[in-house]
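Protein chains in written order, with this note's numbering: chain U, 1 to 372; chain P, 1 to 329.
Structure (structure tokens):
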């Protein structure tokens, strides 16, 4: 290779590398994050899940609480295609021994499935009235149980879709509460140090060393049945965040401690900047990406905690539908043996939590784009 | 070292009081109490009783009607002076009579699963650090994430279904009925393991993920340090290089890991005992919370928390013993 070629190559490389030196931080984070393929895919899955949570009424073919005594424990019907989408109907026989109806998917009956069909009326985001659903049986009186029915003949798919909203939002709102606690306490602890720091650190250590489930159980058992479902929802969220803040506080404190001695903080201080200005203008931008990453990793543990509590019957209760509430039906081996499809919400929980974990992990790796 | 131990030991005492206080507040929170639940249960059954008088009698008997701080004081005094945790209303027996067996078995299962998680995490963690970015590494990373993400009770549900459906095995209880009352023998231990292996395995696996990740990360940090290169340059075989030097340092998370693994395991064992119907602390706690059997619930929460804290303390001691840097901090 001749010299001109090398020079040319070097020039070309500086051309491609140049944007790195002028790119804003979020762009650097994005470039680094992009390399983490699994995290990228997980991100797309998370966006999809939250989209489902936002458009619940449109996506779910039926109401989550509509019971149908004719189709108790009806098994899932596979979706088929013969020029148009359809599902097979059911024929039922009565099992004398078990005293219940046994359903068999009957391929001779066809139930047409269409897109944008009319169904139960609802309001888009509580405002625009509509009765169109993304998909459903063309004749709304016909049964369509793509994921099977539960013990009251409710459509598991619709319930799963409605559960997405509650389960995913509890993670977000819970994280918001614990972020407030975490930032305030962790910030105070890291910024002031000394006695306050010791006290808060001991508290954190204490909360972290107690197994949380028994305490959660105690707290949620204290919620009485008399309060409304919405109140229960918020109470559970608050309970979850009360025990989740220590991790966030630790992360915030750690960042504060390491930044406190940085030159730019000293420069700002010598410049006469007030303490609030130093915190919010100079220190916070330097670590908010870490905080976001830690937050993302807290959401899945919140979702799991809610699922566990509701599963035990101490968390959310009917008529609120969350993934944990759905799994209550699958509590003992007998009901799982009768209706294995009741385990499907497990899959939703696992996918959501796995995606959030991978996404948060990728975000954490990308959070500090200046580190090499 | 002595000073370090004393400092950590002294920390346990205030912790105990804080936990007991918080626990007591929590179990006091429900607006009604056991007497109320009991009497309304009787009324619902159609028993002809004088509700007010029975309520008063019950409350006097168990001291429920008194102000919370008096109850707390009496409760604590009983625990500290006589080891008396109060009365389990539903069982009509002192709490201390009925909980210890369950607590013992919970401890046994928790420790066994801790051992299982070590046995899995140790080789897998080393392998994925030494062969970074190999197929095995990716596989173990993936499995570790599954272990972190899938809660143990869901895993238990799915595995129980598979066992039932394809092998026709149903698990439940700690012993088979003929072994229940038998004195301890090898056969009984085997019987115990036959009934609880799945719970132990699932609990162990669920806390393996975190351990694998930390061991891998720590080992990777150490692997590129000059002393490793020196060891290699001296011509030591690769396995000896790894085992003898960087592994010793990377081992710390295993010991300190007890600190964060133990609460997880206790959490897991509580839920999993409900799912797999094992007569451990979890089932009893759930039941006592539902019937507002407050001294029983409170004692169970208090003892599990305290045991966890003691476990964490022991792991701290072990860590300080293994790693001098910690004890001279």
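Every residue gets a Cβ at the ideal spot worked out from N, C-alpha and C, and that includes glycine.
Across the set 295(P), 305(P), 228(P) and 210(P), the C-alpha of 210(P) shows the shortest separation from the C-alpha of residue 143(P). DSSP assignment within the stretch 74 to 158 of chain U yields the following whole beta strand (DSSP E) runs of 3 residues or more, N-terminal first: 79 to 81, 85 to 95, 100 to 124 and 128 to 137.
Chain-order list of chain U residues neighbouring residue 266(P): 211, by C-beta distance under 7 Å.
The contact set of residue 68(U) on chain P, defined by CB atoms closer than 7 Å, is empty, because the minimum CB distance reaches about 25 Å.
Annotation: residue 240(P) to residue 221(P) spans about 18 Å, alpha carbon to alpha carbon. Straight-line spacing of the CA atoms in residue 237(U) and residue 25(P) works out to 19 Å. In the DSSP annotation of this structure, the continuous segment of the alpha helix (DSSP H) that includes residue 195(P) starts and ends at 186 to 223.
Residue 230(P) and residue 238(P) have their C-alpha atoms spaced approximately 12 Å apart. The beta-bridge partner set that DSSP reports for residue 93(P) consists of 88(P). The C-beta of residue 337(U) comes closer than 7 Å to at least one C-beta of chain P.
In this model, residue 278(U) and residue 265(U) are separated by some 7 Å (Cα to Cα). Here residue 240(P) carries a helix assignment [DSSP, helix/strand/coil]. Taking a Cβ-Cβ cut-off of 7 Å, the neighbours of residue 19(P) in chain U comprise 210, given in sequence order. Here residue 94(U) has 101 as same chain residues with Cβ atoms under 6 Å from its own Cβ, once five neighbours each way along the sequence are excluded. Residue contact with chain P for residue 164(U): absent (no Cβ-Cβ distance below 7 Å to any residue of chain P).
In this structure, DSSP gives residue 78(P) a helical state, which the three-state scheme calls helix.
Interface residue (Cβ-Cβ distance to chain P less than 7 Å): residue 222(U) is classified as such.
Interface with chain U (7 Å Cβ-Cβ cutoff): residue 145(P) is included. DSSP places residue 63(U) outside any alpha helix (DSSP H), giving it a letter other than H or E.
Residues of the stretch 290 to 304 of chain U whose Cβ lies closer than 9 Å to any Cβ of chain P, in chain order: 300 and 304. Residues of chain U whose Cβ lies closer than 9 Å to the Cβ of residue 290(P) are, in chain order, 221, 313 and 314. The C-alpha of residue 187(P) is placed about 57 Å away from the C-alpha of residue 257(U). Identification of residues in the stretch 325 to 336 of chain U having a C-beta nearer than 9 Å to some C-beta of chain P yields 327, 330, 331, 332, 333 and 336, given in sequence order. Going by beta carbons, residue 273(U) and residue 165(U) fall outside the 7 Å limit. Chain-ordered listing is empty here: chain P has no CB closer than 8 Å to the CB of residue 266(U), the nearest sitting near 26 Å. Within chain P, the residues whose beta carbon sits less than 9 Å from that of residue 343(U) are 154, 157, 158 and 161, listed in sequence order.
Counting other Cβ atoms within 10 Å of its Cβ, residue 135(P) stays below 16 and is therefore classed as exposed. If you look at residue 217(U), you'll find it in the alpha helix (DSSP H) that goes 212 to 221.
By the Cβ test, the stretch 119 to 127 of chain U is not in contact with the stretch 304 to 311 of chain U, since fewer than three Cβ pairs between them sit closer than 8 Å. The residue among 42(U), 341(U), 37(U) and 292(U) with its C-alpha nearest the C-alpha of residue 176(U) is 292(U).
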